[in-house]
Amino acid sequence: MLSLAPRAAGGWARLPSACGAAAVLRPSPWVEKSPADHAAFTRPCSSQKKVTRVCVRNGYSFGRLDLLGRRGSPLAHASVFCPFNLPKYKGKLDMSLFPVENIRNFSIIAHVDHGKSTLADRLLEITGTIAKTDQNKQVLDKLQVERERGITVKAQTASLFYNYEGINYLLNLIDTPGHVDFSYEVSRSLSACQGVILVVDANEGIQAQTMANFYLAFEAQLAIIPVINKIDLKNADPERVEKQIEKLFDLSKEECIRISAKLGTNVEKVLQEVIEKVPPYAGQVGYLIAGMKEVTEAQIGDTLYLHKQPVEPLPGFKSAKPMVFAGMYPVDQSEYNNLKSAIEKLTLNDSSVTIHRDSSLALGAGWRLGFLGLLHLEVFNQRLEQEYNASVILTAPTVPYKAVLSSPKLIKEHRKEEITIINPAEFPDKFSVSEYLEPIVLGTVITPDEYIGKIITLCQARRAVQKDMVYIDEHRVMLKYIFPLNEILVDFYDALKSHSSGYASFDYEDAGYQTADLVKMDILLNGNSVEELGTVVHKDKAYAVGKAMCERLKDAIPRQLFEIAIQATLGSKVIARETVKAYRKNVLAKCYGGDITRKMKLLKRQAEGKKKMRKIGNVEVPKDAFISVLKRQSEK
Amino acid sequence: MAAPGGWRARTGLAVALRSQRAARQQRTLQKPLPSEEPLRAALYVHWPYCQKRCSYCNFNKYIPRGLDEASMRSCLTQEARTLIQLSQVHRISSVFFGGGTPSLASPQTIAAVLETISRCAHLAADAEVTLEANPASAGASRLAEFRASGINRLSIGIQSLDDAELILLGRDHTAHEALGTLEEAKKLFPGRTSIDLIFGLPGQSVASWTKGLEELLQQCDDHVSLYQLTLERGTSLFRQVQQGSVPAPKQEVVAEMYEVAREMLRDTGYRQYEVSNFARNGALSAHNLSYWQGSQYIGIGPGAHGRFVPRAQGENLREARIQTLEPDSWMKEVQAFGHGTRKRAAQGELEVLEEVLVLGLRTDVGIAHQHWLQFAPSLSLWDVFGTSVEVKELEDQGLLLLDNRGLRCSWKGLAVLDSLLLTLLNQLQQSWADRTAHGT
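So the sequence lines, in the order shown, correspond to chains A and B. The opening position of the first sequence corresponds to residue 1 in my numbering, with each subsequent residue numbered one higher. The opening position of the second sequence corresponds to residue 1001 in my numbering, with each subsequent residue numbered one higher.
Dropping the structure here:
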């Protein structure tokens, strides 16, 4: 246990994760101490004899109560760490200086780019948590991906000390991601809070994510402090935004604080509102280190208690449910073990990713990973590349379809009527199924009204059904649609942006499943089916998908000594076809003394490549061809 | 530059040497036995300079500024001496002056190199000595001087009979000039004049290609080389195609041009003895044939390649050698060390066999069993290819033949040889590995 201490870097133990949040804020000396010192830290908790709801960070959680008991590992083996810079006595924190009524746990929520992280920077500066310099930009966003994309992926915490009307307050700030894909992080953060600062851009007004985040806070019954940011901008229109807030959130204009986080205008007022409005809560926010060996032992939402002093467990969290699946393979099979270890480390850090080993005849051994959404997938992939220097082939994302079985034989086999289809090879035919189901989402689009026509057309093309349409002010409209999830997977967001000159925002939430007319499409090469290219598609989209796949294959399969027919089929019906013509001439024209070395090199490389090709019947298919068809297409 | 009298004297010496060679030739007319193989080699001389850069050419060539031909000449002769001695060959079977534009070299330089070769090894009087000539630098009198200096075969870079195409190719001559050179060459080198043509040019049609070829076939001698244009990275034509300022040649059209040309030449009495080479009246290029037969060759001059066993160093393995590319550096090295070899790589038995396979199948006769056994005494063509299913498939498709004569391409197979070679190279590698594993 506590094996993390030796890995301490810069005065703060680092999980292979971003748990160094506090390190930047202020390195806490006690982490480097021996286990005995750690034990001392349980004291404030034990003296309070209160169950601490632990906001588990970085996906690192702690054994369930019964599990710990069974394993005979008393809680003493786990130490509670408070990452906050609390007053210390001989290097130790004295929590008793902060009676619970002087503690506030709060969060900042906002649509992307509305200034959440900038506000956090200012709050840290005002409270002296970090020195005030021009370099403080997105201090809490530590991952490269966060800084590059200007988004928060991992919730981060910081403790602020603030003297208000003669009383020292401890304010625990939890910086949360704004995007729906990370809403598990949001809800996990929010459940450790009693209040939120809801930041809205004075120029852009309420956007799709503002809506989603507001509802999360509202449903958690948290105190909401509406803040209108960027009032220094030329086009700022705080009155309009106040009206929107009033209309959509039923919060009065008077409650809104107009600020400029960039310039620091009115930020102090926000802190005071946090103290005034957010109710105190009997708890501390932080993380702890346990002697657990398996990530799977750690479940988000666990309740911890002192050894042999069981308590009533707190209500748990819903575990994150993967909505988007994609295959991940090493570019080179010799990299398999390195990639495996990189994925393991990263998932230690992000337990919401589900992993199943998978293997493809074309791409070799790999994994089928489940993500919470598309951004989650992108962020995961980017982190693998940036933080672990891994290069991977990521297949086009798919959604978990379901089938309600009618065949008694299949029901017996699966021991249930409703099965989830992740791999197209397992797609049951329509004769043994009473219906197929596809996952759907409730999507919210907020847009200036001049783009409504284009956006409605776009949504219809994506098989979406309109549920609602309201003007949130004179010129802005909020549209709600039920979308089949797979229709928004690949390029919907880009299309929406291009149809609205970048002004429309989009967010979505899970809305269950609906009946769908699904078919399995096969790809044939000279009549032989290519197993790894089988795809489950909606019948209405089969032709377009099939045609695109055939075209991509045509470009990727090299000419051979005979003609190659590439066909997309539904059952026995061919819906698309392309042809690769046979080679008529393939021989180097000049081959004399000086050309020989070069020619031999080229031929041997090609011969080596030929060995690696996969033979479908007599057709040789290079790995690149599979990659070009299976890979996520970043454009188009 | 040497005084005119001086060079005439040397030319006289060259004539004398030729008659000496003719006398020796009587004793060695019979085909050399395999055991004589290490004792002979072909010799390639690279002249690295051109007057103008052609738009398609990525060869090792330079536009000279203040060329010191005397130094160049002494370096070429020095390197020839060094490398022939290193190889310990007794006989140089053929000489080829390529480039660059070797017809820009003075006949005196050509003579000097040939004289040196004759002093270091036996160069038969009728040994093939070819010069690549550019129509712009090969007037009648100059061609006669080359002949006097020891050249007995000419390869003229005609490339095209369409002036617009010649401009696209960046050539510095017109079609008319080219035909003039061809006429003169035929008089001076009857039966030993070859022409080079390029097809598959951007914008060229099958009809225009056929028309030009037909016209040339009425005027040409007994040897024709037809080269499909290869767009080489780094050339201006490559860039023009990349940028879309000229259209990329279409694969189907180029394949059609090749097929039509092969048939036309066959019908005119030419034998297609190699992928790009056609000859009638037995006028095959002995020098080039020796490459395709996997014989030894010595390369001298900047960037020249060679394949020979440096026996003077006690080596048994053949080496792939490359001389220093840049002429000035090459010259400095030759002056300092006697040669400008930049890279030497010993070739293993398998590597040599791979080259024998790849090169041999470019010829119409392919690889005879006896020929193969010279290089692989214990692994016959039957051993390697006789039981392979994939080779059988190629035979069944009418692309390849393995019979009592040996291994060769069919007429149809020759056009797609590079596809066949991938299967064959993998099969060779497999058989070689199996043989090594069984310790036979």
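Beta carbons: idealized from backbone N, C-alpha and C, even for Gly.
(Q) My output table needs one value for Ala-1095(B): the three-state DSSP class, helix, strand or coil. (A) Going by the sequence as given, residue 1095(B) is Val instead of Ala. Val-1095(B): strand per DSSP, three-state reduction.
Q: Can you give me the Cβ contacts of Ile-627(A) inside the same chain, cut-off strictly under 7 Å, excluding the 5 residues immediately before and after it?
A: Ile-393
Q | Closer than 8 Å to chain B by CB, Val-587(A) | A | yes
Q) Going along the chain, which residues of the stretch 1416-1440 of chain B sit with their C-beta nearer than 9 Å to a C-beta in chain A? A) Val-1416, Leu-1417, Asp-1418, Ser-1419, Leu-1420, Leu-1421, Leu-1422, Thr-1423, Leu-1424, Leu-1425, Asn-1426, Gln-1429
Q) Ordered along the chain, which non-local residues of its own chain (more than five positions away) have a Cβ less than 8 Å from that of Thr-1436(B)? A) none
Q: Report the residue from Leu-372(A), Lys-573(A), Glu-578(A) whose alpha carbon sits nearest the alpha carbon of Leu-553(A).
A: Glu-578(A)
Q: Check the Cβ-Cβ distances between His-1369(B) and every residue of chain A, and say whether any is below 8 Å.
A: no
Q) Using 8 Å as the Cβ pair cut-off and three pairs as the minimum, do the stretch 410-430 of chain A and the stretch 340-352 of chain A touch? A) no
(Q) In this structure, how does DSSP classify Gln-1228(B) when only helix, strand and coil are distinguished? (A) strand
Q: Just mark Asp-449(A) as buried or exposed, buried being the case when its beta carbon has 16 or more other beta carbons within 10 Å.
A: exposed
Q: Work out the CA separation of Leu-524(A) and Ile-575(A) for me, nearest whole Å.
A: 11 Å
Q. What first and last residue would you give for the beta strand (DSSP E) that runs through Met-656(A)?
A. In the structure as shown, chain A begins at 1 and stops at 636. Residue 656(A) is therefore absent and cannot be evaluated.
Q. What is the C-beta distance between Val-324(A) and Leu-377(A), in whole angstroms, given that I count them as a contact (C-beta under 8 Å)?
A. 6 Å
Q.
So, at 7 Å on beta carbons, what are the nonlocal neighbours of Asn-168(A) in its own chain, with the 5 sequence-adjacent residues on each side left out?
A. Asn-102, Phe-161
Q: Could you tell me the distance, in whole angstroms, from the CA atom of Ser-1236(B) to the CA atom of Gly-364(A)?
A: 42 Å
Q. List, in order along the chain, the chain B residues whose C-beta lies closer than 9 Å to that of Gly-594(A)?
A. Tyr-1044, His-1046, Phe-1059, Asn-1060, Gly-1098, Gly-1299, Gly-1303, Ala-1304, His-1305, Ile-1322
(Q) Buried or exposed, going by whether 16 or more other CB atoms sit within 10 Å of the CB of Glu-1354(B)? (A) buried
Q) How many whole angstroms separate the CB atoms of Thr-637(A) and Ile-289(A), which I take to be in contact at a CB cut-off of 8 Å? A) The first residue shown for chain A is 1 and the last is 636, placing residue 637(A) beyond what the model contains.
Q. Mind checking whether the beta-carbon of Thr-1363(B) lies closer than 7 Å to any heavy atom of the ligand COA?
A. Looking at this structure, you won't find the ligand COA or any other ligand, since it has none at all.
Q. For a contact meaning CB atoms closer than 8 Å, what does Asn-1288(B) contact in chain A?
A. Tyr-592
Q | Selection of the stretch 1258-1283 of chain B by Cβ proximity to chain C, strictly under 9 Å | A | Checking the listed chains, one finds no chain C in this structure; the protein chains it contains are A and B.
Q.
I need the boundaries of the beta strand (DSSP E) containing Arg-1142(B), first residue and last residue.
A. Segment 1140-1148 is the alpha helix (DSSP H) holding Arg-1142(B); no beta strand (DSSP E) there.
**Q.** Status (buried if at least 16 other CB within 10 Å, exposed otherwise) for Ile-1167(B)
**A.** exposed
Q: With DSSP as the reference, label Met-292(A) as helix, strand or coil.
A: coil
Q: Answer yes or no: do Leu-361(A) and Glu-246(A) have a C-beta to C-beta separation smaller than 8 Å?
A: no
Q) Thinking C-beta only, is Ala-261(A) closer than 8 Å to Leu-119(A)? A) yes
Q.
Can you find the residues in the same chain that come closer than 6 Å, C-beta to C-beta, to Lys-293(A), ignoring five residues on each side of it along the sequence?
A. none
Q | Exposed unless 16 or more other CB atoms sit within 10 angstroms - verdict on His-1339(B) | A | buried
Q. Roughly how many angstroms separate the alpha carbons of Ile-108(A) and Cys-459(A), rounded to a whole number?
A. 31 Å
Q. Taking 8 Å as the CB-CB cut-off, is Gln-606(A) touching chain B?
A. yes
**Q.** Alpha carbon of Met-1(A) to alpha carbon of Ser-189(A), nearest angstrom
**A.** Reliability fails at Met-1(A), whose pLDDT of 24 lies under 50, so the model's placement of it is uncertain and no value is given.
Q. Out of curiosity, what's the CA-to-CA distance linking Arg-1342(B) and Thr-1324(B)?
A. 5 Å
Q: Could you round the C-beta distance between Arg-463(A) and Pro-439(A) to whole angstroms and report it? I think they count as a contact, below 8 Å.
A: That belief does not hold up - the Cβ atoms of Arg-463(A) and Pro-439(A) are roughly 13 Å apart, past 8 Å.
Q.
Whole angstroms are fine: how far does the CA of Gly-1203(B) sit from the CA of His-538(A)?
A. 46 Å
Q: Compare the C-beta of Glu-1395(B) against all C-beta atoms of chain A and say whether one is closer than 8 Å.
A: no
Q. What are the residues of the stretch 1331-1343 of chain B that lie near chain A, defined by any Cβ-Cβ distance shorter than 7 Å?
A. none
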